[in-house]
Structures are given as structure tokens and as C-alpha cells.
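**Student:** Okay, handing you the structure first.
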């Protein structure tokens, strides 16, 4: 992209961005502080980020005393399956909703949105009843279905919105060249929608990665726990092991950041007016 | 020869084990503190070694989750763990819930399972009786508050004994409240405790002679005792100033543990930590004596123990009994008592030298002597919910002690009534209602089938050769998997909720509820509070979404150019979204704390007055909004970053040739082309924010101060689920749902995405 940003504009942009970066990371640094502190203190009166008596004890304890790696494996497994399901189903369904007229289309789009409007207080109990009636207690399958279903509506809408910005003329010219519908979708449209696919993947990943309320009801074995459930287990009624809590919260974040970094190269423009003309 | 001997041995010993060793699995749900879990695990593996055919699966849950989780599993699905361990006040709510098609409670009476000799070994308090049955056997007693003091800090001001009376407590407290460096800020407090929670108020209430229930189990909160105890709270905070201006559990705990507070009122679960703390020279004593009444302050004393699921029978029951006996044995109790300073429930251990010679346990039993037994009737939940806002109103200066006493009585009466509401409706009316609803249900079902066939199936089947039909089929095939998954997941909960919202379901009739029509809906609309909470929810939603979107889009636009360091900035900016909400929301709560929080420290650095963020309803609400804006803007930024990629840069160039300014380019190129991607995100952002239960709850610690910081969902949670008003909760949820549907469809129409869909 040719850029006409002037120097003073650059300075201004940097000031604004750095301001928000500081705001973003400060509370996260507090979490880091808690994780490095000895003992179990959530609060401290000092503002220093790296406490004087810093220790990695909380981190080592996670790996030696708690089945942290087993939880991580469970979470990974569930989340990957959910992400794949989410991306595949959202990209196909979104395409149908964007490009085709079919019976039930308007109704379908609307009801997708409506499913997101159920307050959590309405779903919790019946969802659990349903999952146990289907004999899915203590299985990952129930969670996979649940998580995919809860991430899908947003992803479908997002994919549809993005497809809408891709000109129809692309498909028309492909059709004239004799390409099948499936081919056009797969080879021409999908690559152009890469940025939306990235967001879909990230969003589905996050939905499954951080959920614990349903998981807490459904999983009864400690070695079936997902990471957020493991995290919750450090919390007592009154006393919480804040050190380990903070340490694992940060470790939970690492895969998300890695995923974001590795996906962000696809988060660049795939679309130019040129591709329409060509 | 040798070989055959070996195989003979094998045949004799191994095979029978295989034959008879069908493993029995026993699930145990407990709420022991994380520090106690290792002891439990050791005991369990010991038991499993002795009983190779029994496998124990222990699962930790928080007290609230344990109770609701067990109820959901046992009462609603007839499952759940065999053994459940928790505080004795869960017995009431468990007893009242019945199994499906039966009048048995979800936990079983234990008196017929064991012989009298077994029961005789426990102290009376350990056998938790309710309505004439023993439902729980405790392995430890206590769970009570007591006064812990730091001998070192006492010695520094020349005190050598703890306070005995309230007057002494105040006097000592004043001496021990010190501004060490003379900067006008107090560095050491005389006394701290989690003073906005009613559990910590009960000792004083009792000390002034108050009792929560009268003889007929009716709340008795508008009394002289309540007024005086409230007055004391008010004085400690606002007159003598020996307690901090804001204090929750973590602040109190932290201050005492760090040697920045001389006394703390805290429970037996916390003492182990203070004993180990290098800054604390541990001393324990009774919560002081009230001269005026001649009574000691009287904390609630309870027991913690095991109950058995009513559905357990046969060999499983035998195994469960075996496990129960083991966990209640001298050996097990000794382990816990030694390591965690809990008072054992076996009489034999209470006279054991190891117990008698432990000064902490001895002081602890002295406190128990003047304690009050914790009520186990389910109504107690309503009492807590009534006392909490009254207490917080006194501390915040919104009510006088007299008003607060009146207020808590009124609230308690209302809440208790609401718990049982609708249970006593007439059968004739109900059959009529039932019939009407079944007929309506069938009619609706038929109508939906009709629409489905005529509007969907038939259209797909007609003119199979036409291009239009083939396109439709292709699209339906693409969309069907997602649609089936979605609706499969949602249909049952949705209709379940509709049915329950027309019923009178509460804790007494989870499996025998009846349809009562619109009663619950009428109740919701007739309450004043619905409208004020609704208004707050609107402000909450609009403020949040506005800032999420504007900050998010702004950052995305700024980042969408060649910019050295862009990748790093992008990653750092999504951190608020990536780190689990649960801990960051609590970190923000810490940052808003009045005298230790980072925000007030910064405000004072730039010369502004510090604010008591969390104890004023308005500022607490603002604190929640700030926290949620922080949590939510990265998401919108990411969506916008993706959306910006669909805008061909030639369009900007064209605009530039026309001489458009940056702002013009943003308005005329960016905004319209970002819209298709942003509108769904914004719509869903509205929905999610509207229904965000977590953030508000975490930052304000469940609606503090005085239940004034609620949005609709958190209010339902507090006022309905907490008191098991399932029917009311379902109706309330339905109303939230309908409001949201209207709200977001209006938004969608206004933003004109409908034209394109």
C-alpha cells in the first residue's frame, strides 16, 4: 500500500497506539506479578511489576504437582476439533447465505442471531439435562457439540458479511469458463476470504478454549479437566491459590497468542480491484 | 514341575480376583479448600489399596457450584455422585428437593444404615439432623469465625493481651491504627475483616442478643440487637476509623498476613496460613464480650460432612458406606486435624492429648462454646440475601441502623415468601391449565410442521431440473450441517424454558410442578425493580458497545498501514481478550480498591482526590463499565482489522485524487465498506454485553454495594436462582430474551443490513 502518512501523523499514531498498549498490558502485568509472588496474595500495596522476592515456584508447581499437561492436552484436543468444525461449517454455511436464494434463508439467518440472545440463566439447567439424557456426561463429545454450536452463529454471520464484500462478478466469470459451483467456492472465493477465516478460527478457538461453566457440570474426572477447569480448581471457597491461578492463567494465554501470531500473516488484504477486472 | 506349580498358584489366586473384582466406582464431590486436597488424596489412595475393587473419583467444587451442581444432577436427572461432602447448611436445600416420581429427598436418611454404636462415637453437633432424620455425618466441626491477633504488633504498642470486650477492642484498635510515615494515609489498621458480608456480622448480632429466626422459624431481624450491631459497624468504620474504608475478604486477609493489620476476624480455614506467615506472631482469642448484654459475640458454628445420594443401592451402597466409615475414622480425622487445625467430630479424638495440647485447637473450641449453631433450613439463604444489602447500606451511609433493621426484615419476609410461592395451587385449575397448554403446544407443533413442509421441502422438490431449484439445493446442502447442529442444541433448552416459565416450579416441586399460566410473568412486570435494572442494563450495553466499537475501529484503522512494530502492537492489543476474563476482571477489581488500588494511586499522583470506587453504586457501575470496555475492545479491533482487508486500496487512491481528507476517506470509504462485517459483530456485541453475567458479578463481588449494581441477568441469578425460584427465573429469562430480540432487530433495521440479507 502506498502511504502518504506525514511525520507528525506518525508521531500522533504512535502516541495513541502506545497509550492503548500500556492500558492493555498493565492489568496483564499485574497478573504476571501475582504469579511471580510468593504465597497467595491477590493484592499488594506495591506497584512494582517484578516483585523483589520473585520466584517461578508457582510455575514449576503447576507441572510437578498438578496434571497441568493432561489438562492442556484435553483442552487442545477439544479446541482443535471445535475449531475445525467451526471453520468448515461457518465457511460453507456463510457462503450459502451470502450467495444463494433458498427457502428458509432469511428465517435461518435471523434464527442464528436469535439463538445468541438466550440469557445464560435460561440455558444452563436444560443444557445439562439434555447432555445427561444423551449420555454425554463425562465425554468430550458433548462439549465439542456444545462449543461448536455456540461459536457458529457469529462465525456464519461474519463469513457471510465478508463474502458479501467480494464481488459477484468473480463467480460469474468463473461459471462462464465452465467451473462448477464447488470449484468456484473452493478455489476462488475461499482464498479471498482468508482474513475472515482467520477471525473465525480465532473466535471458535477462544470459545472452546476458555469455557468452564458447562464443562464444570459435564466433566467429573479430574484427569478429564480442561485448562479453565483446572484453573478453577485452585479456587477455594474463601482461600484461593492466587499464585498458581495467575500462573496458569498466563500459560493458558500463550497458545492463543501463538495462534494469533501465526495466523496474522493471513490477516492481510487478499482483495484488490484488480482481481475483479482480471 | 515348577511351572505347573506356578500356574496352579495363578489359578487359585489370580483368577478369583478377576472373577469377583468388578470395580465399583464411587464419585465423591467435595468442597475442601485446595490446601486440604493433598490430605484427602492420600487418604483415598490408602483406602483404594485396602479395597482394590473400589475406585474413588474425587472432584472438587466451590460451595455454591457443589450445591447447585449436585441438585441439578440428582433432582433433575436422577444421577450425581454417590457421596457429597459439604457444610451442614446444604442439608436443608437438599432435603427439600425430591427425586423424580418419589417423595424421597435427594440425600438419604442415614440412621438405618449404621448401628447405634457407630453414631454414639460422634459428638452431637456432627450428626446433622433435619426433620427428624440424620442426613449428614460430619468429620469436622467449626467453620467458625474467631479473632486472630498479631502478638508482634501488639507488643510494639505495649499491649500484651488481646481485647476481651468490645470497648477494649475499640481502644486497642485505635492504638494499633497507625500512620507510620506521617503522609496522612494509614499504614497499619487496628482491625480488618470481610465486613460487608453478613456471615461476619452475625457474631456481633448474636453478641447483642439477636437471633435470626424466632421459635416458629420466622425471621426476626428488626430488633434492638440488629440496630445496636449495625450501629457498632457504622461506628467502627466511620467514627473510630479503626477499619479500612473498603475491605473485602482478600484485602483483609492480605493486610493481616502482611503485618499491616493487627487483628482480623476470620474463620478456622484461614488460620493455617497465618500460622505460617513470617510477618504474623499468631494469637487466637474469642471475638469480644459485649458488656451491655453480658454475652459473648457469637459466630455461627457449623459442621462439615458427608451425605449419601438417595439413588445409591446394592453393592454400591455397601462400598459407599465403607468409604464413609473410612473417611470418618479416627485415622482420617487425625490427619485433617493435625494438618489443618480442624476440630475432629469423634469424641475419642476430642479428649486425645494431641488435641488437648494444641493451643490453637483449644482456643478454637473455646470460641465454639459461645457460638451459635448455623441454621440449616433453606430459608437461611433468603436471610443472607436480605442482611447483605442492609449491612452494606449502613456501612455506605445510605441508611441509619434503624432503617436498615426494618429493611432487612422486610426483604427477608419477601424473599422467603417468594421461595414457596405458587406451591399451593388448586388441582382443578391446574388440570384445566394443563389441557389448555397441551392443546396449544400441539397446535404450535402442527403449524411449524406445516410451514416447514410447504415453505421448505416442497419448494426444494418442485421443478427438479430448473436452475433455481438446483441452486437452492446446493445452498441447502452447504448450510444444513451448521443449521442442524445449531438447532439440535438450542431447541430443547428453549422449549424447556418456555414450559417452565409458565409453571410454579420452585425447590419444593422440581419434579411435581404444575402449569400456572402467566403468573410468573405478571410477577416480573409488577415489580418496580425490573424497570430500574432494565434501565441500567440499557446504559451498560450502550456505553460498552459504543466504546468497544469506536476504540476497536480506531485502533484497527491506525494499525492498517505500514508501521514499524505493527505485529507486536497487534499482539499486545489483543491481550485483554486472550487472558482468561476471570482473573483479569478480579485484577481490575483490585485496581479499583480505594487505598491500595493502582487507579487511586495514579489519581493522587496527578493531584486528584481518590475515589471509593466500589462502595458507591454509581462509581461501582462505572468501574464495571471501564473493566468491560477493556475486556471487549480487542475483539472489535480484530473484526475491524479483518474487515478492512476487504477494502481495495484503489478506492482510497481514487478518493485521494478527488482531494478527500483523511476524515472524508474514513466516512466515505471505510465506514460503508466495513459495515457488512461490523454490523453482525456489533449486533452480537450488543447481545453478549446485554447478557454478560460474569464481569459485573466479578467486579462488584455479586452486586455490591447493596445489590445496586445489577444488570438483568445478574439480577435473575441473584434473586431467582439463588433462591431456587425456577419458574420465576424462566419467565424473567424469557422476558430478557424477548427484550433483546426487539432491541437487536430494531438495531439491525436501523443500520439497514436487512436490505442486503
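Residue numbers (our numbering), protein chains in the order written: chain A, 1 to 278; chain B, 279 to 1035.
The beta carbon of each residue, even a glycine, is placed where N, CA and C say it ideally should be.
Using a beta-carbon distance below 8 Å, is residue 210 of chain A in contact with chain B?
**Tutor:** So yes, residue 210 of chain A belongs to the interface.
**Student:** CB-CB under 7 Å to residue 489 of chain B, same chain, minus the five flanking residues each way: which ones, in chain order?
**Tutor:** The residues are 498.
**Student:** Would you mind reading off the limits of the beta strand (DSSP E) that contains residue 417 of chain B?
**Tutor:** Note, residue 417 of chain B: beta strand (DSSP E), 411-420.
**Student:** Where does residue 428 of chain B sit, in a helix, a strand or coil, going by DSSP?
**Tutor:** Residue 428 of chain B falls in the strand class under three-state DSSP.
**Student:** Ignoring anything shorter than 4 residues or poking outside the segment 378-406 of chain B, list the alpha helix (DSSP H) runs there in chain order.
**Tutor:** For the segment 378-406 of chain B, whole alpha helix (DSSP H) runs of length 4 or above, ordered along the chain, are 394-398.
**Student:** Helix, strand or coil: which one does DSSP assign to residue 1003 of chain B?
**Tutor:** Coil.
**Student:** State yes or no: is the beta carbon of residue 141 of chain A nearer than 8 Å to at least one beta carbon in chain B?
**Tutor:** It does not; no Cβ of chain B falls within 8 Å.
**Student:** Taking residue 988 of chain B as the query, report the chain A residues whose CB atoms sit under 9 Å from its CB, ordered along the chain.
**Tutor:** None at all; the shortest Cβ gap to chain A is about 12 Å.
**Student:** Under 9 Å Cβ-Cβ, which residues of chain A neighbour residue 580 of chain B?
**Tutor:** Correct list: empty, because the minimum Cβ distance to chain A is about 13 Å.
**Student:** Give a yes or no on whether the minimum CB-CB distance between residue 969 of chain B and chain A is below 8 Å.
**Tutor:** Yes - at least one Cβ of chain A is within 8 Å of the one on residue 969 of chain B.
**Student:** Within the 8 Å Cβ cut-off, does residue 962 of chain B reach chain A?
**Tutor:** Interface residue, yes.
**Student:** Return the bridge partner residues of residue 586 of chain B from the DSSP annotation.
**Tutor:** Looking at the DSSP assignment, residue 586 of chain B forms a beta bridge with B:361.
**Student:** At a Cβ threshold of 8 Å, is residue 104 of chain A touching chain B?
**Tutor:** Yes, contact with chain B.
**Student:** Take residue 302 of chain A as the anchor and find which of A:38, A:31, A:71, A:57 has the nearest alpha-carbon.
**Tutor:** Because chain A spans 1 through 278 in this model, residue 302 of chain A falls outside it and cannot be assessed.
**Student:** Considering only residues of the same chain and omitting the five flanking positions on each side of residue 266 of chain A, which have a CB-CB separation below 6 Å?
**Tutor:** So the qualifying residues of the chain are 194, 198.
**Student:** Rounded to whole angstroms, what is the Cα-Cα separation between residue 879 of chain B and residue 868 of chain B?
**Tutor:** So the two alpha carbons sit approximately 12 Å from each other.
**Student:** Which of the three DSSP states is assigned to residue 621 of chain B in this structure?
**Tutor:** In the structure shown, residue 621 of chain B sits in a strand (DSSP, three-state: E or B).
**Student:** What residue from B:398, B:393, B:581 has the CA that sits closest to residue 366 of chain B's CA?
**Tutor:** Residue B:581 is the option with its Cα nearest to residue 366 of chain B.
**Student:** Using a beta-carbon distance cut-off of less than 8 Å, what residues from the segment 837-854 of chain B approach chain A?
**Tutor:** The residues in question are 837, 839, 840, 841, 845, 847, 848, 849, 850, 851, 852, 853, 854.
**Student:** Which ranges does the alpha helix (DSSP H) cover as unbroken runs of at least 4 residues, wholly within the segment 316-349 of chain B, from first to last along the chain?
**Tutor:** Fully enclosed alpha helix (DSSP H) runs of 4 or longer: 341-349.
**Student:** Measuring straight from C-alpha to C-alpha, what distance separates residue 124 of chain A and residue 772 of chain B?
**Tutor:** Approximately 11 Å between the Cα atoms of the pair.
**Student:** Taking the C-alpha atoms as reference points, what is the distance between residue 381 of chain B and residue 448 of chain B?
**Tutor:** Going by the C-alpha atoms only, they are around 53 Å apart.
**Student:** Looking at residue 94 of chain A: is its Cβ nearer than 8 Å to the Cβ of residue 163 of chain A?
**Tutor:** For residue 94 of chain A and residue 163 of chain A, yes; Cβs fall inside 8 Å.
**Student:** Flag this pair as touching only if the segment 1011-1024 of chain B and the segment 967-981 of chain B have three or more C-beta atom pairs under 8 Å; answer yes or no.
**Tutor:** Contact between the segment 1011-1024 of chain B and the segment 967-981 of chain B is present, because at least three Cβ pairs lie under 8 Å.
**Student:** Jot down the residue ranges of each uninterrupted alpha helix (DSSP H) in the segment 48-113 of chain A, minimum 4 residues, whole runs only, in chain order.
**Tutor:** For the segment 48-113 of chain A, whole alpha helix (DSSP H) runs of length 4 or above, ordered along the chain, are 57-65, 68-99.
**Student:** Chain B partners of residue 236 of chain A, CB-CB under 7 Å?
**Tutor:** Within chain B, the residues near residue 236 of chain A are 311, 312.
**Student:** When burial is assigned at 16 or more other CB atoms within 10 Å of the CB, is residue 547 of chain B buried or exposed?
**Tutor:** The residue in question, residue 547 of chain B, is buried, as its Cβ has 16 or more Cβ neighbours within 10 Å.
**Student:** Comparing alpha-carbon positions, which option in B:765, B:306, B:783 lies nearest residue 584 of chain B?
**Tutor:** Here the closest residue by C-alpha is B:306.
**Student:** List, in order along the chain, the chain B residues whose C-beta lies closer than 9 Å to that of residue 81 of chain A?
**Tutor:** Near residue 81 of chain A there are no residues of chain B at all, since even the closest Cβ is about 13 Å away, more than 9 Å.
**Student:** Going by C-alpha to C-alpha distance, which of A:32, A:141, A:120, A:65 sits closest to residue 989 of chain B?
**Tutor:** Of A:32, A:141, A:120, A:65, the residue nearest in Cα terms is A:120.
**Student:** Using the C-alpha atoms, what's the distance from residue 593 of chain B back to residue 261 of chain A?
**Tutor:** Answer to the nearest angstrom: the Cα atoms are 55 Å apart.
**Student:** Which residues bound the beta strand (DSSP E) around residue 469 of chain B?
**Tutor:** Its beta strand (DSSP E) spans residues 467-470.
**Student:** Name the chain B residues that come within less than 9 Å of residue 87 of chain A, Cβ to Cβ?
**Tutor:** Correct list: empty, because the minimum Cβ distance to chain B is about 11 Å.
**Student:** Under DSSP, the beta strand (DSSP E) around residue 884 of chain B begins and ends at which residues?
**Tutor:** Neither: residue 884 of chain B is in no beta strand (DSSP E) and is coded neither H nor E.
**Student:** Could you pull out every residue in the same chain whose Cβ sits closer than 7 Å to the Cβ of residue 397 of chain B, ignoring the five residues on either side in sequence?
**Tutor:** Cβ within range, chain order: 405.
**Student:** Taking 7 Å as the limit between beta carbons, can you name the residues of its chain near residue 660 of chain B, skipping five residues before and five after?
**Tutor:** So the qualifying residues of the chain are 690, 693, 694, 697, 1001.
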